[in-house]
Amino acid sequence: MEFVQKYGIYGLGFFAQSLFGARLIVQLLLSEKKGKVVSPTIFWQLSLMASFLFLIYGIIRNDLVIIIGQTLSYLIYIRNLQLKNDWVKFPLIIRVIIFALPVLALGWIVMGSENKLQDIFSNSDLSHPIIAIGAVGQLMLNLRFIYQWYYSEKHSDSILPLGFWVISSVASVMILAYASYRLDPVLLVAQGMGIFVYLRNIVIHFKARAKTVN
């Protein structure tokens with residue numbers, strides 16, 4: 001039973017990361033096709049689904065780094081859908097549910113078990129150098145969306161700018177170090193694949209800029 005439970009949890013994590021991976025693959029393919037970095041609607045739709053599932057994974061794993069990260073980025077995904085004028089296309093009841101999901105999940109941490117908060121904080125000793133690196137890396141992965149959000153608001157459009165991919169690349173290396181310490185196969189696979197997409201988008205960005213200059 002413990003074996004099934006353990007790998008069921010990993011299955012949830014891998015499924016969430018597969019959605020994160022799918023959003024990057026679709027975004028990269030569309031960017032390659034257009035010859036410039038694009039921000040498609042499906043990127044943000046998949047982000048929302050994956051973020052909620054990975055938040056649940058982080059709660060089950062008592063991983064404060066993941067919990068903080070997914071909570072911060074969730075609303076930014078919604079805002080990007082608003083900027084693309086796609087949020088209003090969701091039925092009202094679906095929009096209410098989407099807003100409520102992370103609140104319910106976090107409420108479960110506080111109300112669901114007396115020891116849950118204690119387990120999360122005891123499992124997340126930020127004084128440990130590697131855990132601190134993981135926390136900073138995860139914070140950077142979410143700050144990149146704050147940066148992306150600011151950039152998009154400034155241009156009144158959903159955009160994935162160069163700085164977004166640079167921050168992603170640096171943060172990915174930091175989280176890979178953290179995942180190696182935690183022996184977390186989900187994070188190892190996700191960031192190992194993600195860093196390739198991040199670097200490739202940087203290349204596409206500079207190619208598109210070179211064409212503009214010429």
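The sequence shown maps to residues 1 to 214 in full-length UniProt numbering. A virtual CB, placed ideally from N, CA and C, is assigned to each residue, including glycine. Because the structure is a prediction, the values reported are computed rather than measured.
Exposed or buried, what is G192 when buried is set at 16 or more other beta-carbons lying within 10 Å of its beta-carbon?
So G192 ends up on the exposed side.
Span of the alpha helix (DSSP H) holding N62?
Taken as a continuous stretch (DSSP letters only), N62 belongs to no alpha helix (DSSP H), as it is neither H nor E.
Is it right to say G13 is buried, meaning 16 or more other beta carbons lie within 10 angstroms of its own, or is it exposed?
Counting Cβ neighbours within 10 Å, G13 comes out buried, since at least 16 surround it.
Cβ-based neighbour list, V4, same chain, cut-off 6 Å, excluding 5 preceding and 5 following
Any reading at V4 needs caution, since the residue's pLDDT is 49, under 50, leaving its predicted position unreliable; the model's value is listed next. Counting only residues of its own chain and dropping the five nearest sequence neighbours on each side, V4 has no CB closer than 6 Å to any other CB.
Nearest-angstrom Cα distance between F206 and K36?
The alpha-carbon atoms of F206 and K36 are separated by roughly 9 Å.
Closest Cα partner of K89 within the set H155, Q45, L139
Comparing C-alpha distances from K89 to each of H155, Q45, L139 shows the shortest one belongs to Q45.
Identify whether S51 lies in helix, strand or coil by the three-state DSSP scheme.
The answer is helix: DSSP assigns S51 an H, G or I state.
With a floor of 4 residues, list each alpha helix (DSSP H) that falls wholly inside the segment 139 to 165, ordered by position along the chain.
Listed in chain order, there is nothing to give.
Touching by the beta-carbon criterion (3+ pairs, under 8 Å), the segment 127 to 136 and the segment 177 to 197:
Three or more Cβ pairs closer than 8 Å define a contact, and the segment 127 to 136 meets that threshold against the segment 177 to 197.
Measure the C-alpha to C-alpha separation of L81 and Y178 and round it to an integer number of angstroms.
Each residue's alpha carbon lies about 31 Å from the other.
Would D63 be called buried (16 or more neighbouring beta carbons within 10 Å of its own) or exposed?
Taking all protein chains in view, the Cβ of D63 is crowded by 16 or more other Cβ atoms within 10 Å, so the residue is classified as buried.
Rounded to whole angstroms, what's the CA-CA distance from Y57 to R200? Just pull it up for me.
Spanning the two alpha carbons is a distance of roughly 28 Å.
Own chain partners of F52 with C-beta closer than 6 Å, once the 5 adjacent residues on each side are dropped
Cβ neighbours of F52 beyond the five flanking positions: L101.
Distance, Cα to Cα, I76 vs L160?
Their backbone Cα atoms lie some 13 Å apart in a straight line.
If you measure between the beta carbons of I167 and S31, is that distance less than 7 Å?
Not a contact, by the Cβ cut-off of 7 Å.
C-beta atoms of Q138 and G69 nearer than 7 Å
Yes, the Cβ-Cβ distance between Q138 and G69 is below 7 Å.
L24 beta carbon less than 7 Å from that of V197
Cβ distance < 7 Å, so V197 and L24 count as in contact.
Residue burial classification, G134 (beta-carbon count within 10 angstroms, cutoff 16)
G134 is buried by the Cβ-count criterion.
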